[in-house]
Structures are given as C-alpha cells and as structure tokens.
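Remarks on the structure that follows.
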Amino acid sequence: MSCPRQFLSKTASMRYRQGPVRSHLLPSTTPKRVPMKKLATLVIVALLTVGSAHAIVGGGTPQADGVARAIVTIVGSRGNFCTGSLIAPRVVLTVAHCVQPGADYKVVDRGADGAPQLLNVRTVAIHPNFNMQAMQSHRATADVALLQLEIPLKGKSTVTVGTPTIPIRVGSRFVIAGIGVTVHGDGKSGGITRVAGLVATGQPGTLQIRLVDPVTNGVRGGIGACTGDSGGPVFEDKPSGAFLVGLVSWSTGPNGAAGCGGMTGVTPLTLYRDWILQTARGWGAAL
1 MSCPRQFLSK TASMRYRQGP VRSHLLPSTT PKRVPMKKLA TLVIVALLTV GSAHAIVGGG
61 TPQADGVARA IVTIVGSRGN FCTGSLIAPR VVLTVAHCVQ PGADYKVVDR GADGAPQLLN
121 VRTVAIHPNF NMQAMQSHRA TADVALLQLE IPLKGKSTVT VGTPTIPIRV GSRFVIAGIG
181 VTVHGDGKSG GITRVAGLVA TGQPGTLQIR LVDPVTNGVR GGIGACTGDS GGPVFEDKPS
241 GAFLVGLVSW STGPNGAAGC GGMTGVTPLT LYRDWILQTA RGWGAAL
C-alpha cells in the first residue's frame with residue numbers, strides 16, 4: 001500500500017505541557033472531569049484489588065521479567081484509562097486518541113515493592129497527522145503520541161520500536177498487550193497486563209492492520225483488545241527478538257458489532273517510527 005509522503009514529514013506535532021476525548025477503545029458518552037487526587041485514589045484501589053481474570057479479553061499473563069515490565073497505565077482526569085509502553089526511562093509511547101488536550105494525564109505503575117505509584121507527565125506530543133474522526137470510524141490515521149515523564153520510571157524495562165515485516169500478509173502473527181478490561185463494560189476487570197496472539201486479516205498494510213483470533217476469525221467471540229487496551233503495544237517476533245511494531249487503536253465485537261473479542265485495529269509504526277525517534281531524542285532520550 002502506497003504511503004503518502006506527508007506522513008513522513010517533520011512538521012511540528014501538537015505538543016502541550018501538563019497542567020495540560022476520550023481514550024476508550026469504544027465510543028461512550030463524554031465522562032465528567034474527575035479531580036486528579038480522587039482519580040488517583042480510585043486507580044490505585046483498582047490496581048490493588050483486581051485479581052486474576054481471563055485476559056485482554058481471553059489472553060494470558062506475560063512473564064514478569066518480559067513485556068509486563070515495559071507496560072504502564074495512563075489515566076486521565078475524565079476518568080479514562082489507556083495502555084502505554086516505556087521506550088526510554090522517561091518516554092511512554094501510546095495512541096493519540098488517549099491523550100487529547102482538555103484533560104490532565106498521569107502514568108500509574110507498580111514500584112519495585114509492588115505498590116502503585118503515580119507519575120507526572122511533563123509534555124504530550126501528538127502526531128500532526130492524527131484525525132480523531134478517522135480513528136472513530138476505524139479508518140487509518142496517525143494514532144500515535146508520546147508522553148515525557150517528569151522523572152524516570154525505575155525498575156522497568158524498555159521495548160524497542162521497530163516496524164512490521166513488509167509485506168504484511170494475511171495470517172501474519174502478532175502479539176498484543178494491554179491493561180484493559182477482560183469483561184466488556186466492567187472497569188474493575190482491568191489493571192493487569194495481559195497478552196494475546198492474533199493474526200492479520202483483510203488487507204493488511206502500512207496504514208492499518210486488522211487482527212483477529214486465529215481460532216474464531218472474528219466471527220465468534222474470541223481473544224482481542226478491549227476498553228483500556230488502547231495504546232497497547234503490538235509485537236512481532238524477528239530473528240533478533242521481539243519488536244514493538246504497532247499500537248492498538250480500536251476494537252469490535254464479533255462480525256463488527258460493538259464490543260470486544262472480534263477485531264482489533266492496529267496502527268502500524270512503519271510511517272511513524274522516524275517521528276517517534278526524532279521526538280524522543282529531542283527530549284534527550286538515548287534511542
């Protein structure tokens with residue numbers, strides 16, 4: 001699939017400092033603004049009380065020394081939550097629709113002692129070509145953003161940003177990760193990093209990849225992303241290891257219905273890796 005040249009340009013991204021809608025995978029009514037102190041308390045309680053569930057919707061729990069150590073939770077003052085990946089000690093990669101202006105954002109993570117910690121976000125950078133309407137209609141767009149933290153995250157791993165192997169074929173295998181809910185509509189079922197192995201379907205390319213459960217093929221309910229998994233990393237195994245090659249943008253239920261467990265929409269990083277690296281390096285990250 002041909003790539004419009006403007007996606008590779010160095011045009012200035014939307015950036016704003018914290019003090020600065022939604023970041024749900026599925027459309028919902030606009031939530032009321034929640035005081036960050038109260039939100040932080042609710043998130044910490046949720047992280048402490050969420051027990052073992054079924055998965056991302058149906059996935060499994062990754063090794064503690066692997067993917068899970070690079071995953072963080074992003075919370076907004078409107079009550080939303082999303083997934084992010086640490087690509088440098090102070091830089092989190094996520095999707096643009098999760099961190100739109102008009103709300104305050106924090107990063108939540110468990111410290112070395114297992115206790116949740118709330119970290120301030122200094123700067124948010126959103127790719128200049130992101131289009132919210134396109135994303136909400138499940139069309140391809142630059143659904144990519146970076147968060148610069150005020151202080152480095154300790155006791156965490158970082159993941160390597162790459163691009164998917166070209167050509168991307170139907171049946172190509174990817175692994176998604178996220179902290180989203182395991183039961184659609186039940187916010188308390190989220191908060192644990194989980195993974196799921198999915199395969200490409202339809203007409204995958206450098207603009208968008210659509211993934212399904214290889215067992216159900218998106219026709220029946222299966223494994224896949226759900227609310228809160230937005231921004232989650234999509235990994236591809238390569239000879240030199242696993243690379244973060246895309247981001248979870250949206251999901252559907254079986255046969256394209258509302259819900260989860262059907263199709264998972266992915267923004268591949270083919271067109272956006274250069275912007276990610278340039279922005280992070282501009283913040284002093286050694287990538």
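Here the sequence shown stands for residues 1 to 287, numbered as in the UniProt record's numbering.
Yeah, the Cβ is synthetic: ideal placement off N, Cα and C, and Gly gets one too.
Helix, strand or coil at residue i according to DSSP, with G and I counted as helix
i	result
Cys226	coil
Arg220	coil
Gln208	coil
Asn255	helix
Asn94	Correcting the residue type first, residue 94 is Thr in the shown sequence and not Asn. Of the three classes helix, strand and coil, the one that applies to Thr94 here is strand, per DSSP.
Arg69	helix
Arg139	coil
Gly76	strand
Ala280	helix
Gln133	helix
Arg15	strand
Leu8	Low per-residue confidence applies at Leu8: pLDDT is 29, beneath 50, and the placement is therefore not dependable enough to give any value.
Val108	strand
Cys82	strand
Pro116	strand
Ala286	coil
Bridge-paired residues (DSSP) for residue i
i	result
Lys156	Paired residue(s): none; Lys156 is not in a bridge.
Tyr272	Per DSSP, none; premise fails for Tyr272.
Arg177	In the sequence on display, residue 177 carries Ala and not Arg. In DSSP, Ala177 forms a bridge with Val195.
Trp250	Gly265
Glu150	The partner list for Glu150 (beta bridge, DSSP) is empty, contrary to what the question assumes.
Pro233	Leu247
Arg169	Paired residues: none, contrary to the question.
Alpha-carbon spacing of residue i relative to residue j, whole angstroms
i	j	result
Gly232	Thr123	20 Å
Ile74	Asn120	10 Å
Ala200	Gln148	31 Å
Thr206	Ala96	18 Å
Ser52	Gly180	Confidence is the limiting factor: at Ser52 the pLDDT is only 27, short of 50, which leaves the residue's position unreliable and the question unanswerable from this model.
Ile223	Leu153	30 Å
Arg78	Arg17	17 Å
Val170	Gly114	40 Å
Gly202	Met14	32 Å
Ile105	Asn80	Going by the sequence as given, residue 105 is Tyr instead of Ile. Cα-Cα distance, rounded: 9 Å.
Contacting residues, own chain, Cβ-Cβ under 7 Å from residue i (five flanking each side not counted)
i	result
Ala280	Ile87, Ala88, Val91, Leu146, Leu287
Asp143	Val95, Ala96, His97, Phe130, Met135, Leu247, Ser249, Thr267
His138	Trp250, Gly265
Val219	Pro254, Asn255
Minimum C-alpha distance to residue i - residue among the options
i	options	result
residue 290	Ile71, Gly162, Leu118	Absent from the structure is residue 290, since the part of the chain shown begins at 1 and ends at 287.
Leu93	Gln100, Val72, Asp104	Val72
Val195	Ala225, Asp109, Val183, Ile276	Ala225
Cys82	Ala70, Val99, Ala68, Val67	Val99
Ala140	Thr270, Val212, Phe235, Gly241	Thr270
Ala70	Cys260, Asp274, Ala242, Met263	Ala242
Gly178	Gly190, Ser172, Val212	Gly190
Ile209	Thr160, Ala257, Ile166, Pro101	Ile166
Beta-carbon contacts of residue i that lie in its chain and below 6 Å, excluding the five residues immediately before and after
i	result
Trp283	Gln148
Gly84	Val72, Ile74, Val92, Thr94, Gly231
Pro214	Val199
Ala285	Ala88, Val91
Gln133	none
Ser172	Ala200
Leu277	Leu287
Pro164	Glu236, Val245, Pro268
Nonlocal neighbours in the same chain, by C-beta distance under 8 Å from residue i, ignoring five residues either side
i	result
Asp109	Val72, Thr73, Pro116, Gln117, Leu119, Leu153, Lys156
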